[in-house]
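Here my numbering is used: position 90 in the sequence shown is 90, and no number is missing along the way. Written below as C-alpha cells is the structure these notes are about.
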Amino acid sequence: MKNIADEDSDHMEKNPGDTAPLEGKELDKQKISRGQLRKGLIKSFLLTSIAVIVFFVPVVVDGETDVVFGYLYNFLLNLSVPFSLWLFTVMVLANAVMSIYVKLFPERSGRLLNYYGGDTGVHIFFYVLGAVFMSVYALHDSLAGFTGPEWMVGPDTGGTIIPSIVLTVGWIIPLAAVFMPLLLNYGALDFIGSILEPVMRPLFKVPGKSTIDAISSFVSASSVAILITSSLYRMNVYTKREAVAIATSFSAVSVGFAVLVINTAGLSQDFLQVYFSGMLIAFIISFFMIRIPPLSKQPDVYFDGREQTEEERQGETKFELGIVPRGFQRAAKRAETARPLGSEVKASVAGALGVLPRVVAMLASIGITGLIVAEYTPLFNWLGMPFIPLLNILGVPNAAMIAPSIPVGIAEMFLPVLLIAGDLAALEAGAVYFVTTLSLVQIVFFSESIVVIKATRMPVKLWELVVCFFQRTLIAIPIIALFMHMMY
C-alpha cells in the first residue's frame, strides 16, 4: 500500500488560478505598445511597493519593531482570540470526518473526491490524530471540569504546539495569501529573477526568483516562503528539483523567531553575530545540499510534466549590460498582461484555504507526536550519542551535555535551545552558540516546515525530508564548530 512517504505530485489537485505564465525569453517575445509598457511599469512599481512595505519594511510601533505583515497578523490573532481555538478545532474535526467519508464512499463523494481522493490511510490517520489532539486540548482549555492528559496538553507538548504554532500558522496562511499576488504576479519576481539569475543559478542551481522565497522566510515566516514556493511550482515557474531544493534550503525561521531563540539561549548581547553567522552558514550548507542526493536527483520537470531544457538552465547565467533594463521590461510586461488584482487575490486565498485544513491537522498531529517522543522517551538521547565523538574531535565544549539537542531539532526547531535552557550556567558560551546556531540552520523539522511542505503537496517524499535534515546537520556541525572557535 502506498503511504505518506511515497506521495508525489501525481495526486496534486490544481488550486484555483494555477496558471502557466510566460517565463524569461517567452516574456521577452511578448509584444506590447510603448504606452502599455509605461502603464505596466507604473502598475508593477505601485503593487510591488505595497508588497515590499507589507512583507519587508520594519515599522516601529510603541517601541516594538516588526514588519507590517507582522502587525496585521497580530491584530488578526488578537481579534480572533475568543473563537480561534474552536474555529480550527471544528475545521480539523470536519477534515477528519470528510476524509473518512471519501475513503468509505468515494462514489458518493462528489467534489470532495477531488480534494481527498489522493489521500492514503496514513493521511487519514494523521487527520484523525490531529482532530483528537485539537479536541482534547480545546476541551481542556475551555471547560473547567475537564482535564486532558499532561502528556498531550501540557506546556511541553500540546501547550506549545497548538497556541504557538497551529493557531499562528493557521492565520498566517490565509493572510499571506491576500498579499502574495502583489509579490508574485505583477513583476517583482521577474525583475529580481533577471537580476539575480547569474548569482543563484551557478551557486545554488536554482532561479534568481528564489531570492523572494528566502527573503520572505527571513522577514515573515518559513510557512510563507513554502507557500510561495509551492505556488510558483504549480505555476510552472520552478521544476520539482528547484521547488524541493528551495523549500528545504531557504525556508529559514523569521528574524522575529530567531530573536526569541537567541534570547532564550542567553545570547541576546551577541544577537547580530549569532544571527548573521547563522544566515551565512545556512547558505554555505545549501551550496553543498543542492549538489548531493536526494536533492540533486529530483527531476527537472515542471508541474505540467514538461522537462526543463538546458537552454532554460544556462540561458541567463552571465552578467551583461542589458540585465537591468531587461528586468524592468519583464516586470512591466508581467504587470500589464496579468489578471486583475481582485481575481489574483481571490484565486490565491482559495488556494490557501484549500490547503489549510490539511496543514492545521498535520501540524497538530505530527507536531505534538514529535514533542511527546522528545519529552517522554529517551529516543533523542540515544540518537545524540553518536555525535559525542564528532563534537569532541571538533573541540566543541560540553559535548555530552549538548549532544541530545542535535537530533531533537527534527521535531521542533525551538527544542534544542529549550533542552539546554536550564543548564546555561554549566555550559560554556561556545557550546550555547553551537546549539543555537545549529537549531537556526537545520530548517527541516516536523512541527512546521515538513508539515507545510507535505500539506501543500510538494513533490518530495517524507523519507527524503528526514534525510535532508540529517544531511544539513552533518554538514553544519564542522562549519558551526569553525565559526564557534573564531567567535568564542
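C-beta: ideal position from N, C-alpha, C; glycine also.
Asked                                                                                                                : Found
Element boundaries [beta strand (DSSP E), containing V59]                                                            : P58 to V61
Residues of its chain near T19, where Cβ-Cβ distance is below 8 Å and the 5 sequence neighbours each way are ignored : For T19, the pLDDT reaches just 49, beneath the cut-off of 50, and the residue's location in the model is therefore unreliable, although a value from the coordinates is still provided. Cβ neighbours of T19 beyond the five flanking positions: M235.
Which residues DSSP lists as bridging V261, in chain order                                                           : Answer by DSSP bridge pairing: none, since V261 is not bridged.
Three-state secondary structure (DSSP) of T157                                                                       : coil
When L321, A400 and Y302 are compared against E312, the one with the closest alpha-carbon                            : Y302
From L203, F276, S268 and I262, residue whose alpha carbon lies closest to that of A245                              : L203
Which of helix, strand or coil DSSP assigns to T65                                                                   : strand
Exposure label - R38; buried when at least 16 CB within 10 Å                                                         : exposed
Candidates Y238, V360 and S249: closest to D300 by CA position                                                       : Y238
Whole-Å CB distance - A138 paired with A361, under 8 Å assumed                                                       : Their Cβ separation, rounded to whole angstroms, is 14 Å, which puts A138 and A361 out of contact at 8 Å.
Distance, G367 Cα to K31 Cα                                                                                          : 50 Å
C-alpha gap between S9 and A425, whole angstroms                                                                     : Note that S9 has pLDDT 40, beneath the 50 cutoff, so the model's placement of it is unreliable and the number below is only indicative. Whole-angstrom Cα-Cα distance: 49 Å.
C-alpha distance - L280 paired with L295, whole-angstrom precision                                                   : 20 Å
Supposed contact pair A364 and M134 - C-beta distance, whole angstroms, cut 8 Å                                      : 5 Å
For P404 and M289, the rounded distance between their alpha carbons                                                  : 23 Å
Beta strand (DSSP E) runs contained entirely in the region 241-325, provided each spans 3 or more residues           : none
Secondary structure, alpha helix (DSSP H): runs of 4+ residues fully inside the region 331-412                       : 341-376, 379-384, 387-393 and 399-402
Secondary structure of N185, DSSP reduced to three states                                                            : coil
Euclidean distance between Cα positions of N531 and F445                                                             : There is simply no residue 531 to check, as the chain begins at 1 and stops at 488 in what is shown.
When L356, M152 and V122 are compared against V224, the one with the closest alpha-carbon                            : L356
Range of the contiguous alpha helix (DSSP H) that encloses R111                                                      : Run containing R111: none; DSSP gives neither H nor E here.
Cβ-based neighbour list, I479, same chain, cut-off 8 Å, excluding 5 preceding and 5 following                        : I281, I284 and I285
Boundaries (first-last residue) of the alpha helix (DSSP H) holding F434                                             : A429 to V441
DSSP state of F133 mapped onto helix, strand, coil                                                                   : helix
Counted within 10 angstroms of its Cβ, other Cβ atoms place Y376 as buried (16 or more) or exposed                   : exposed
Option in M91, P198 and V435 with minimal Cα separation from E320                                                    : P198
Sequence-distant residues of the same chain with beta carbon closer than 6 Å to D518, five excluded per side         : As shown, the chain starts at 1 and ends at 488. That puts residue 518 outside it, with no answer to give.
Secondary structure of D6, DSSP reduced to three states                                                              : For D6, the predicted model reports a pLDDT of 40, less than 50, meaning its position is unreliable and no value from the coordinates is stated.
Option nearest N185 by Cα separation, candidates G118, A338, V441 and P82                                            : A338
Between the CA atoms of K297 and R241 - distance to the nearest angstrom                                             : 8 Å
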